[in-house]
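Some notes on the structure that comes next.
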Amino acid sequence: MIHMEYYLIVSTIMMFAGIYGFVTRRNLLAMLISVELILNSVDINFVVFNRFLFPEHLEGFFFTLFAIGISAAETAVAIAIIINIYRNIRNIKVKSLHEMKW
Amino acid sequence: MEYTILILVLPLLSFLFLGLAGTRLRPAAAGAVGTAVLAVVTAVSYMTAYAYFFGQGRAADGLYPTLTPWNTTWLPINDTLSIDMGIMLDPISVMMLVVISTVSLMVHIYSFGYMKGERGFQRYYAFLSLFTASMMGLVVATNIFQMYVFWELVGVSSYLLIGFYYTRKEAVAASKKAFIVTRFADLGFLIGILFYGYYAGTFSFNPQTEALAAAGMIIPLALGLMFVGGAGKSAMFPLHIWLPDAMEGPTPVSALIHAATMVVAGVYLVARMFPLFIGYAPDVLHATAIVGAFTSFYAAVVACVQSDIKRVLAFSTISQIGFMIVALGVCTSADPHSGGLGYMASMFHLFTHAMFKALLFLGAGCIIHAVHSNEMSAMGGLRRYMPVTHATFLVACLAIAGIWPLSGFFSKDEILTACFAYSPVMGWVMTAIAGLTAFYMFRLYYGIFWGRENRTLHAEHTPHEAPATMTLPLVVLAAVTLGAGFIPFGHFVSSNGTAYDIHINPTVAAISLCAATAGIALATWMYARERQAAAESLARRFATLHTAAYHRFYIDEIYQFITHRVIFRCISTPVAWFDRNVVDGFMNMLARGANGASYLIRGMQSGIIQHYCIWFLGGALVLTIILLFIR
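As they're listed, the protein sequences go chains A and D.
According to my numbering, the stretch in the first sequence is residues 32 to 133, in order.
According to my numbering, the stretch in the second sequence is residues 42 to 672, in order.
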């Protein structure tokens, strides 16, 4: 039997790996991947809590399905933005984006 | 009598129309609009006067009722105190309506000729309309605050008209001087009004007597402060300095504003507050008489030596207003038969003076028009060239000197009777000033029309009689001056409203006629001939006095000294330093502090999303820790 804590440890590691990646990566694509990691760790939490604490309900599973769908759409948008940024400045380094600064 | 609102609204509309659309009109059309509106206003004023005095007549108690055909709350201050705007008709306001509309209409017609071809002709008529509207609003005011509002409006129109020739430096300086001096005096007026409004609980002219009695010494103080405002507007010593300079404006303006109407606003104010003065502050009233008498004497002396004809007339106006103030000031009761005669005399003199002084100014305008100079040295012997002006000017001079049967005789006689009834000293002083008046007016008359002719100047440019638009008003005003003395004025206006028959006091009449004749005779002997040996030797003998009087006893220089040396240097300069360095410095310090602090923290706004993200996570962590461990 795998305990709930093991799942939660995995998801926590994923979460902080994602945050670390988001803060340290200078590449927009890498940052996007990190965001996906954070999202997926949250999805895992939903599923695990539903499975272990409220086995007779299905809300957690469904919520996770929605979250996956929405994050896919959001990723598409984000990639579209990144491509446009690349077209404009030939670069996707986060440092070179100061158009919206101040 | 609701139609009286037209008296205020029509000139105001005319001002707006001419002011906004005037430049699109031809000058003559603009003038015609202004004059036509004024003619209607004059007709309405006469109609009002007729309906008021004859149509409805006296009420059952034998007094003319005080009507308020129109009134509205303009600015409520609290439950009981509010500032109203409206129209109040009582004998003196109706009398003033007639005076203002008559003189204003004459000036409008006259200006057609006088201002012909001037730049800004339309603007001129717009300002005249504004002035007429505000002056009408002043006299029909239902309360002291409305009076104050219109009081300032006439001040503004006076400022605009004095500075009409705004390209001339003197005119600009004169307009500023007039505005600042009267505005300074109006500060006293405003403080007086506020005291009055606070303690009497109303701004109206007939407050509750209990409130006034409870206020004690405040009411005399308030009335005294109001008189300061009146003294500024009516050019009482030492606030008179603006009026001679105001002669820089066009001459018809001097006739309308600085002789007949606006400058008597102070007299009108005292007359308006007369019941309060006589009831609660007789000492203040008598003090005004002293001020008036001194002003009158001072101005008469100065008028004797001025060489600019408009300045002679300006000082003569100051002197005559002094007469009116004296007449009000010597009143000791509200009963015209015992001590209240001065009120009627003052109003009568206001009426007659407005007519003959406007006539004098308009005549002077014709003369200036003919010789293109204000100086008496450019004139002399003009009677041959300008018969109509000469005749009407002579009528006005005789009237102001007080010769029977011209209007000035009757009103001045009443004033002198009132003065003699108050105290013989006051009576003799005013009689002497009346003699002096006759002297300087005939000095002016002979200097212009007889005396030494400036032949070289007249040969180059022959003086000619003014056009009909200019002589017609002269003739009308001269006719009024001839007949006005026979108006039974006491039947219309008297201190307590009851009918009063003017009867000439033979002793006083004889004395005043003697004084006037002596003054005229002296002037004839000194100035009528080609050679003026007596005048010149006198001027040489008393050279110091002559020079001092010519420089108006250096009052302007004293003002200059006080404002520039004392106020500017000793007060304004340190205050300016304090303002620049301490007040501004403190504000600058705050600004610099904010600026520096912003530089310090602006690194936080890096624009790099990851920095924000770290701050966000740190904040979230701190919040979590607080929520978890610190309960």
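C-beta: ideal position from N, C-alpha, C; glycine also.
Contacts of residue i in chain D (Cβ-Cβ under 8 Å)
{"i": "Phe83(A)", "result": "Neighbours of Phe83(A) on chain D: none; closest Cβ ~22 Å, over 8 Å."}
{"i": "Val125(A)", "result": "Ile649, Ile650, Gln651"}
Residues that residue i contacts on chain A, provided the C-beta gap is smaller than 9 Å
{"i": "Ile655(D)", "result": "Val54"}
Sequence-distant residues of its chain with Cβ nearer than 7 Å to residue i (five each side left out)
{"i": "Leu262(D)", "result": "Phe236"}
{"i": "Trp374(D)", "result": "Note that residue 374(D) corresponds to Ser in the displayed sequence, not to Trp. Closer than 7 Å at Cβ, skipping near neighbours: Ile319, Gly380, Gly381."}
{"i": "Ala564(D)", "result": "Phe480, Phe483, Arg484, Tyr487"}
{"i": "His587(D)", "result": "Val346, Ala580"}
{"i": "Glu43(D)", "result": "Pro110, Trp111"}
Residue burial classification, residue i (beta-carbon count within 10 angstroms, cutoff 16)
{"i": "Tyr105(D)", "result": "buried"}
{"i": "Thr76(D)", "result": "buried"}
{"i": "Tyr37(A)", "result": "exposed"}
{"i": "Leu96(A)", "result": "exposed"}
{"i": "Asp625(D)", "result": "exposed"}
{"i": "His34(A)", "result": "exposed"}
{"i": "Thr358(D)", "result": "buried"}
{"i": "Gln347(D)", "result": "buried"}
{"i": "Pro293(D)", "result": "buried"}
{"i": "Gln249(D)", "result": "exposed"}
{"i": "Cys372(D)", "result": "buried"}
{"i": "Lys398(D)", "result": "buried"}
{"i": "Asp286(D)", "result": "buried"}
{"i": "Asn636(D)", "result": "exposed"}
{"i": "Arg160(D)", "result": "exposed"}
{"i": "Leu130(D)", "result": "buried"}
{"i": "Leu49(D)", "result": "buried"}
{"i": "Trp192(D)", "result": "buried"}
{"i": "Val367(D)", "result": "buried"}
{"i": "Phe315(D)", "result": "buried"}
{"i": "Leu428(D)", "result": "Checking the displayed sequence, the identity of residue 428(D) turns out to be Pro instead of Leu. So Pro428(D) ends up on the exposed side."}
Sequence-distant residues of the same chain with beta carbon closer than 8 Å to residue i, five excluded per side
{"i": "Pro377(D)", "result": "Tyr384, Met385, Gly531, Ser535, Ser536, Asn537, Thr539, Tyr541"}
Residue i to residue j span [Cα, whole Å]
{"i": "Trp133(A)", "j": "Gly127(D)", "result": "Interpretation of Trp133(A) is limited by its pLDDT of 48, a score under 50 that renders its predicted location unreliable; no figure is taken from the coordinates."}
{"i": "Leu57(D)", "j": "Ala214(D)", "result": "27 Å"}
{"i": "Tyr481(D)", "j": "Glu251(D)", "result": "49 Å"}
{"i": "Thr548(D)", "j": "Val222(D)", "result": "41 Å"}
{"i": "Ala167(D)", "j": "Val148(D)", "result": "13 Å"}
{"i": "Leu228(D)", "j": "Gly273(D)", "result": "10 Å"}
{"i": "Met45(A)", "j": "Leu39(A)", "result": "10 Å"}
{"i": "Ala61(A)", "j": "Arg118(A)", "result": "18 Å"}
{"i": "Gly290(D)", "j": "Asp120(D)", "result": "45 Å"}
{"i": "Leu477(D)", "j": "Met417(D)", "result": "19 Å"}
{"i": "Leu391(D)", "j": "Ile362(D)", "result": "8 Å"}
{"i": "Val85(D)", "j": "Gln187(D)", "result": "22 Å"}
{"i": "Arg121(A)", "j": "Arg57(A)", "result": "15 Å"}
{"i": "Glu455(D)", "j": "Pro514(D)", "result": "28 Å"}
{"i": "Ala234(D)", "j": "Met267(D)", "result": "The sequence given here has Ile at residue 234(D), not Ala. Rounded to whole angstroms, Ile234(D) to Met267(D) spans 7 Å at the Cα level."}
{"i": "Leu518(D)", "j": "Ala90(D)", "result": "19 Å"}
{"i": "Ala92(D)", "j": "Phe230(D)", "result": "33 Å"}
{"i": "Met628(D)", "j": "Asn622(D)", "result": "10 Å"}
{"i": "Met303(D)", "j": "Leu498(D)", "result": "36 Å"}
{"i": "Met365(D)", "j": "Ile260(D)", "result": "23 Å"}
{"i": "Gly265(D)", "j": "Met137(D)", "result": "23 Å"}
{"i": "Ala638(D)", "j": "Tyr653(D)", "result": "20 Å"}
{"i": "Phe244(D)", "j": "Arg67(D)", "result": "44 Å"}
Chain-order list of residues whose beta-carbon lies under 6 Å from that of residue i (same chain, five-residue window excluded)
{"i": "Ser295(D)", "result": "Met288, Phe402"}
{"i": "Gly492(D)", "result": "Gly421, Tyr568"}
{"i": "Leu70(A)", "result": "Ser102"}
{"i": "Ile543(D)", "result": "Gly531"}
{"i": "Ile552(D)", "result": "Thr472"}
7 Å Cβ cut-off: residues of chain D touching residue i
{"i": "Ile50(A)", "result": "Leu658"}
Original post:
Enumerated in chain order, which unbroken segments of the alpha helix (DSSP H) with a length of 4 residues or greater are wholly contained in the region 424-474 of chain D?
Top reply: If we require 4 residues or more, the alpha helix (DSSP H) runs fully inside the region 424-474 of chain D come out as 428-442, 448-463.
**OP:** Pick out the complete alpha helix (DSSP H) segments inside the region 177-209 of chain D, 4 residues or longer, and give them in chain order.
**Re:** 185-203
**OP:** Note down, one range per segment and in chain order, each alpha helix (DSSP H) of at least 4 residues found wholly within the region 302-353 of chain D.
**Re:** 306-313, 315-321, 323-344
Subject >> Segments assigned beta strand (DSSP E), at least 3 residues, entirely inside the region 384-426 of chain D >> reply: none
Subject >> Ordered list of beta strand (DSSP E) runs contained in the region 87-117 of chain D, each at least 3 residues >> reply: 108-117
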